[in-house]
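The structure under discussion appears below in the form of structure tokens.
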Amino acid sequence: MLDSDLASLYEVETRVLNQAVKRNIARFPNDFMFQLKFDEYENIERQVNALERLSSQFVMMNKLPSNRTDKYLPFAFTEQGIAMLSGVLRSDKAIKMNIAIMRAFVEVRKILLQHTDLREQLNAIKERLGEHDTQLNHIYDSPENLLNEKAAQLNWEKRQRIGFKT
1 MLDSDLASLY EVETRVLNQA VKRNIARFPN DFMFQLKFDE YENIERQVNA LERLSSQFVM
61 MNKLPSNRTD KYLPFAFTEQ GIAMLSGVLR SDKAIKMNIA IMRAFVEVRK ILLQHTDLRE
121 QLNAIKERLG EHDTQLNHIY DSPENLLNEK AAQLNWEKRQ RIGFKT
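Be aware that the sequence shown starts at 1, since it is given in full-length UniProt numbering, and climbs by one per residue.
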């Protein structure tokens with residue numbers, strides 16, 4: 001999640017959230033939090049703008065600030081980084097929101113596990129279908145082979161014979 005989204009969820013300014021993180025930077029290694037590169041930020045910005053054009057009814061993300069520069073690119077937090085934020089932001093709202101976010105991550109993980117099971121089942125079905133395809137091809141080829149053999153036998157019988165005729 002981006003710093004601006006987390007700040008709005010925790011009802012603090014993005015600047016305040018980033019200051020709290022910077023004061024406790026030892027708690028946020030690179031696998032907990034990282035700063036987006038400019039091209040990554042532009043890509044996210046394009047996607048958000050496209051979503052806003054498609055439907056203004058759904059709020060997918062905060063409107064990204066257009067005044068971001070290389071110096072002020074957003075920070076992205078992983079699940080572990082968001083969990084670490086609970087120790088940095090100590091307001092009641094931040095704690096409640098952090099619990100809700102962690103529960104959301106758990107639900108997402110459950111859904112992903114269910115989809116993994118579905119993916120495995122689909123792969124098994126694809127394998128069975130592949131086997132059925134080869135079996136059906138053999139079935140379709142069998143009459144054709146029989147016809148070819150019959151045609152070859154008829155050609156053999158109709159051939160002009162050489163040798164003695166009695």
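Each residue gets a CB set at the ideal place from its N, CA and C atoms; glycine is no exception. Bear in mind that the values here come from a model prediction, so they are computed numbers and not experimental data.
Cβ-Cβ separation, residue j to residue i (assumed contact under 8 Å), whole Å
i     : j     : result
Ala76 : Leu36 : 6 Å
Gln80 : Phe34 : With a Cβ gap of about 12 Å, Gln80 and Phe34 do not count as contacting.
Arg46 : Met84 : That pair is no contact at about 30 Å.
Exposed unless 16 or more other CB atoms sit within 10 angstroms - verdict on residue i
i      : result
Leu54  : exposed
Leu122 : exposed
Thr14  : buried
Tyr10  : buried
Ile111 : exposed
Ala152 : exposed
Asp3   : buried
Leu129 : exposed
Val106 : exposed
Ala124 : exposed
Ala94  : buried
Residue span of the beta strand (DSSP E) that contains residue i, given as start and end
i     : result
Gln35 : 33 to 35
Selection from the options that minimises the alpha carbon distance to residue i
i     : options             : result
Val12 : Glu42, Met84, Met97 : Met97
First and last residue of the uninterrupted alpha helix (DSSP H) at residue i
i      : result
Phe38  : 38 to 54
Phe105 : 92 to 158
Ala83  : 79 to 88
Arg23  : 14 to 23
Leu9   : 3 to 10
Residues near residue i in its chain [Cβ-Cβ closer than 8 Å; skip 5 each side]
i           : result
residue 171 : Outside the shown range of the chain, which is 1 to 166, sits residue 171, and nothing can be said about it.
Val16       : Ala7
Val108      : none
Residue-level contact to chain B via CB, residue i, 7 Å cutoff
i      : result
Ser142 : In summary, chain B is missing from the structure at hand, where a single protein chain is found.
Close Cβ partners of residue i (< 6 Å) along its chain, the five nearest in sequence each way excluded
i     : result
Phe58 : Note that Phe58 has pLDDT 48, beneath the 50 cutoff, so the model's placement of it is unreliable and no number is given.
Ile82 : Ile101
Contacts around residue i, its chain only, beta-carbon distance under 7 Å, and the 5 residues preceding and following it disregarded
i     : result
Ala50 : none
Asn24 : Val88
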